[in-house]
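Under mature numbering (1 follows the signal peptide of the UniProt record, and there is no 0), read the sequence shown as residues -42 to -1, 1 to 278, first letter to last. Notes follow the structure.
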Amino acid sequence: MKLFTHTPARPSTRAHFIARTLTIGAVLATVSALAPAGIASAATSSTAIPSAATPSANTPSHLSLLSLGDSTTQANSACGTWTDCPDFSWSTGSAPVVNSIAQRLQKLLPDTSVSTANYSKSGSTVAGVPARVQEAVDAGEKPDVITLLIGGNDLCGPGIPVASDGYNMTPVSTFRTGVETAITTIRSAWPSAKLELSSVPDNATQWEASRGPEGQFRWSSAGFCRTTRGVSMTEVPLSPSDASASVAAAAKRVVDFNAVLEQACAADGPLCNWDGGALTRMRFTPDLISEVDHFHPSAAGQAKIAEVEWNASSFAAGWK
């Protein structure tokens, strides 16, 4: 069987880009001032793949990997164009430069045929995940492994309404309901699938890495991450004290969202693996940001996410 046999086609428009995250289920799967200092960039670091698994009763002949999330997992703007570039996805991508989760699984299991299906959607919030699951079910998908990176648009989406606290971020209670519903839907559809659940990307370092003139223009034009940037819904800079409070609120929301994700994964049981906050701790640097839109991860950024999430996955020590 051909490696990576199925990635559903879907329209990739600039409207999707403007509507998006980040992955961020991502972005733009990124907002934490609490992230510790730096992980080396994908261009200068590598991660050893565990030795190929010795064929055994536990080694499958076929393994299907399905990804859910937002534009981060669609690899929007990662291939030099204003479009989704799913071949460059950290999860299910086939581009050699990325060394995706799917590619790493294939190296780990050379006698296994690994196929992929990417059901992430640019612009998706956590509330949109169940619909993507249903689409996959309707298409007959039966994944063995699922990756879910979501939350970037709940933090940074330009279309998120202003909540009672004055910030345009999804309230924690709403996010909790969304995560629980998403995981319940996943588990109802695929009871035996392994779920690899990512933490929320660090939009604060993403913003710091993009703050040149072009990056500021792109973020402002699209209305990305207003709370993180300390601006109003009309892009007017807040007063110093209000801006400081806004940035702090965004950082706390990352912590709160991660707590929700961790708790929901624990409640799902042993088939769910939480990355322990690994993606949030990944600091964005300029080389990890797309030169096309100055917002989404570049090809190197996708490779770095793949490295970080692989190391935090249940497969890092080998197939079980």
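For glycine and all other residues, C-beta sits at the position ideal for the given N, C-alpha and C. Since the structure is predicted, the reported quantities are computational estimates derived from the model, not experimental observations.
Close-in-space but distant-in-sequence residues of the same chain around residue i (CB under 6 Å, 5 per side omitted)
i	result
residue 279	Given that the chain is displayed from residue -42 to residue 278, the structure contains no residue 279 and the question cannot be resolved.
Gly98	none
Ser(-31)	At Ser(-31), the pLDDT of 39 sits below 50, so the modelled position is not reliable; the number obtained from the coordinates is stated separately. Here the set comprises Thr41 and Asp42.
Gln260	Ala33, Ala36, Phe46, Trp48 and Val56
Ser3	Legend: pLDDT at Ser3 = 35, less than 50; position of this residue unreliable, value from coordinates given subsequently. Excluding residues within five positions, none has a Cβ falling inside 6 Å.
Leu63	Val72
Ala201	Gly188
Pro198	none
Proximity to residue i [Cα-Cα], best of the options
i	options	result
Ala257	Val212, Ser19 and Gly38	Gly38
Ala60	Asp102, Ser178, Thr83 and Leu23	Leu23
Phe133	Lys100, Trp148, Gly86 and Gly124	Gly86
Cys230	Ala162, Pro171 and Ala270	Ala270
Val194	Val266, Glu154, Ala206 and Ser178	Ser178
Ala208	Asp123, Ser150, Ile144 and Ile247	Asp123
Gln92	Thr163, Asn161 and Ile141	Ile141
Lys100	Ala162, Gln164, Thr163 and Ser150	Ser150
Asp160	Leu246, Leu63 and Pro228	Leu246
Gly173	Ala224, Ser248 and Val266	Ser248
Thr143	Gly170, Pro171, Ala162 and Arg90	Arg90
Own chain residues within Cβ distance below 7 Å of residue i, not counting five before or after
i	result
Ser25	Thr31, Ser47, Ser49, Thr50, Asn76, Tyr77, Ser78 and Thr105
Ser157	Asn216, Leu219, Asp233, Gly235, Ala236, Leu237 and Thr238
Val250	Ser35, Gly38, Thr39 and Trp40
Asn126	Ile118, Pro119, Val120, Arg184, Thr185 and Met191
Thr128	Thr83, Asp112 and Ile118
Ser204	Tyr125, Thr185, Gly188 and Leu196
Asp214	Val130
Ala1	Confidence in Ala1 is poor, its pLDDT being 32 and thus under 50, which makes the residue's placement unreliable; the coordinate value appears in the next sentence. Result list for Ala1: Asp245 and Ala258, in chain order.
C-beta atoms of residue i and residue j nearer than 8 Å
i	j	result
His254	Asn57	no
Ser146	His252	no
Val130	Ala222	no
Lys210	Met240	no
Val72	Leu21	yes
Ala180	Pro244	no
Gly110	Asp226	no
Ser19	Lys152	no
Asp112	Val95	no
Phe182	Cys114	yes
Thr139	Pro88	yes
Glu154	Val212	no
Identity of the residues DSSP links to residue i by a beta bridge
i	result
Leu196	Per DSSP, none; premise fails for Leu196.
Ser230	For the sequence presented, residue 230 should be read as Cys rather than Ser. The partner list for Cys230 (beta bridge, DSSP) reads Leu153.
His20	Ser71
Ser25	Asn76 and Thr105
Val189	Pro195
Ile247	Pro255
Endpoints, alpha helix (DSSP H) assigned at residue i
i	result
Asn269	Ala257 to Asn269
Asn76	Premise fails: Asn76 lies in the beta strand (DSSP E), Ser71 to Asn76, not in any alpha helix (DSSP H).
Ile144	Val130 to Ala147
Val103	Looking at the DSSP string, Val103 is not in any alpha helix (DSSP H); the run it does join, the beta strand (DSSP E), is Val103 to Leu107.
Phe175	Pro171 to Ala180
Asp112	Gly110 to Cys114
Lys278	Segment: none, Lys278 is in no alpha helix (DSSP H) and carries neither H nor E.
Thr163	Asn161 to Glu166
Thr238	Ala236 to Arg239
Val91	Val87 to Asp96
Ile118	That residue, Ile118, is in no alpha helix (DSSP H); it is neither H nor E in DSSP.
Ala60	Ile59 to Leu66
Cβ neighbours of residue i in the same chain (closer than 8 Å, five flanking residues each side left out)
i	result
Asn16	Trp277 and Lys278
Glu166	Phe242
Ala(-17)	Interpretation of Ala(-17) is limited by its pLDDT of 37, a score under 50 that renders its predicted location unreliable; the figure taken from the coordinates is listed afterwards. Here the set comprises Gly27, Asp28, Ser29, Thr30, Thr31, Leu107, Ile108, Gly109, Gly110, Asn111, Ser156, Val158 and Pro159.
Ile(-4)	The predicted model places Ile(-4) with a pLDDT of 32, which falls under 50 and marks its position as unreliable; any figure quoted below should be read in that light. Excluding residues within five positions, the ones whose Cβ falls inside 8 Å are Ser3, Arg239, Met240, Arg241, Lys262 and Val266.
Trp148	Lys100, Pro101 and Ile104
Ala224	Cys230 and Trp232
Residue i at chain D interface by Cβ criterion, 8 Å
i	result
Ala209	Any reference to chain D falls outside this structure, which holds one protein chain only.
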